[in-house]
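In terms of our numbering, the sequence shown opens at residue 729 and continues consecutively.
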Amino acid sequence: DYVVMTQTLQAVRHPARLIDEMLRVGREGIVTFPNFGHWRCRVQLGLQGRMPVVRTLPYQWYDTPNIHLCTIRDFEALCERRGIEVLQRAVVDHAHRSSLAMRLLPNLLAEIALYRIRRA
């Protein structure tokens with residue numbers, strides 16, 4: 729059985745606990761989330777000094793349901809710390825397209841990350 733959590737991880741109070749619970753209920757989980765490490769987010773935060781408003785994170789900081797933004801590297805580090813195995817990863821843009829460049833530099837070029845995970 730699979731448990732699917734799509735575009736929700738960043739909007740819950742305790743994402744690590746939720747992942748643990750989804751893997752308790754199902755053998756495998758599918759998790760998708762917007763990648764806060766995408767270059768557009770970095771440019772808006774780094775050069776403009778403002779919280780990013782991009783296609784995959786379209787809210788102003790004061791009006792967002794998102795409370796725990798993460799990057800692809802953050803999510804993979806969380807999985808490693810919690811003994812979660814990444815079975816498959818896909819990275820796409822807002823239109824769900826992928827490219828070789830995106831697969832080579834996912835944390836910088838991917839707008840959305842999709843993972844299939846299970847307890848190691």
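C-beta: ideal position from N, C-alpha, C; glycine also.
In whole angstroms, what separates the C-alpha of residue i from that of residue j?
i       : j       : result
Ser-827 : His-742 : 32 Å
Arg-752 : Trp-789 : 33 Å
Leu-775 : Gly-754 : 42 Å
Gly-765 : Cys-798 : 7 Å
Ala-744 : Glu-808 : 12 Å
Leu-832 : Glu-749 : 31 Å
Gln-848 : Thr-792 : Checking the sequence shown, residue 848 turns out to be Ala, not Gln. Spanning the two alpha carbons is a distance of roughly 33 Å.
His-822 : Tyr-787 : 15 Å
Val-844 : Arg-817 : Inspection of the sequence shows that residue 844 is occupied by Arg rather than by Val. One C-alpha to the other measures close to 7 Å.
Leu-762 : Leu-785 : The question names Leu, but residue 762 is Pro in the sequence shown. Those two C-alpha atoms are separated by around 7 Å.
Leu-773 : Met-779 : 5 Å
Met-733 : Cys-769 : 23 Å
Thr-855 : Thr-760 : No information on residue 855 is available, as it lies outside the stretch 729 to 848 that the chain covers here.
Which class does residue i belong to by DSSP, given the choice of helix, strand or coil?
i       : result
Tyr-787 : coil
Glu-756 : strand
Gln-772 : helix
Gln-738 : helix
Ile-812 : strand
Met-733 : strand
If you measure between the beta carbons of residue i and residue j, is that distance less than 8 Å?
i       : j       : result
Asn-794 : Ala-838 : no
Ile-747 : Ile-812 : yes
Pro-834 : Val-814 : no
Glu-756 : Arg-825 : no
Ala-841 : Ile-800 : yes
Please confirm if residue i has its CB atom under 8 Å from at least one CB of chain B.
i       : result
Arg-770 : In the structure shown, chain B does not exist; there is a single protein chain.
Can you give me the start and stop residues for the beta strand (DSSP E) that residue i sits inside?
i       : result
Phe-764 : No beta strand (DSSP E) contains Phe-764, which DSSP labels as neither H nor E.
Ile-840 : 840-847
Provide the residue span of the alpha helix (DSSP H) that contains residue i, from first to last.
i       : result
Leu-832 : 828-832
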